Amino acid sequence: MGNNGKFEGNRSIRLVGEVLGRVVEREGGRITGRVIVAGLVVLGVAGLAFVAYRLLMIDLILNLVGERG
-1 MGNNGKFEGN RSIRLVGEVL GRVVEREGGR ITGRVIVAGL VVLGVAGLAF VAYRLLMIDL
59 ILNLVGERG
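Residues -1 to 67 in our numbering are what the sequence shown spells out, letter by letter.
And the structure:
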């Protein structure tokens, strides 16, 4: 389970780098407001996905514990 988390994290980091790299290329290599906004959007979406995943796992664990007891 720990390895999957690391793999997902590495893949997410590569994806963020790829998206930001493409935005910077389109802007001619300059760090502009669009680049910053794109970075914030990507980080926000990744953060929401992470929180949703963790809440789902907590719910699953609590359901399993509730069924046992």
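The C-beta atom is built at its ideal place from N, Cα and C for all residues, glycine as well. What you are looking at is a predicted structure, and each value in this text was computed from that prediction instead of being measured.
For residue 24, there are no CB contacts under 6 Å within the same chain when 5 residues up- and downstream are skipped.
Bounds of the alpha helix (DSSP H) holding residue 32 are 31 to 66. Taking 8 Å as the cut-off, the Cβ atoms of residue 22 and residue 40 do not count as close. If you ignore the 5 residues before and after residue 18, its C-beta comes within less than 6 Å of the C-beta of 37, all in its own chain and listed in chain order.
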